[in-house]
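One structure is given here, and the rest of the page talks about it.
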Amino acid sequence: MTIDLVRDTLLWCSVINIGLLLWWLLIFTLAHNWIYQFHKKWFNLSIEKFDAIHYAGIAFFKICIFIFNIVPYFALRIVG
20 MTIDLVRDTL LWCSVINIGL LLWWLLIFTL AHNWIYQFHK KWFNLSIEKF
70 DAIHYAGIAF FKICIFIFNI VPYFALRIVG
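As numbered in the working numbering, residues 20 to 99 make up the sequence shown, in order.
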């Protein structure tokens with residue numbers, strides 16, 4: 020396994036994960052009420068708590084993408 024292969028893999032992982040993040044944000048923004056009503060059937064959540072959980076999840080996912088995909092990609096770009 021070469022550095023180029025690992026670097027390309029990290030690049031594609033970054034692209035896919037950023038795409039998923041944008042999809043989550045887009046669906047959450049455009050279908051907010053539908054998603055809330057769907058989850059309200061199972062969980063007794065206020066709309067503020069529901070929003071806080073989703074925004075925290077989006078922030079966590081964004082940080083994970085940065086730490087585990089983007090930073091190693093640029094580290095390999097610098098080294099290799």
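Beta carbons: idealized from backbone N, C-alpha and C, even for Gly.
A residue is called buried once 16 or more other Cβ atoms fall within 10 Å of its Cβ, and residue 63, having fewer, is exposed. With 16 or more other Cβ atoms inside 10 Å of its own Cβ, residue 88 counts as buried.
If you draw a straight line from the Cα of residue 50 to the Cα of residue 91, it comes to about 34 Å. Contact fails between the region 22–37 and the region 54–69, because fewer than three Cβ pairs, one in each stretch, are under 8 Å apart. Residue 36 is positioned such that its CB atom lies no closer than 8 Å to that of residue 86. Judged by DSSP secondary structure, residue 52 falls within the alpha helix (DSSP H) whose first and last residues are 51–59. Pairing residue 97 with residue 33, the inter-Cα distance amounts to about 17 Å. For the set 47, 81 and 80, the Cα lying nearest the Cα of residue 69 is the one of 47.
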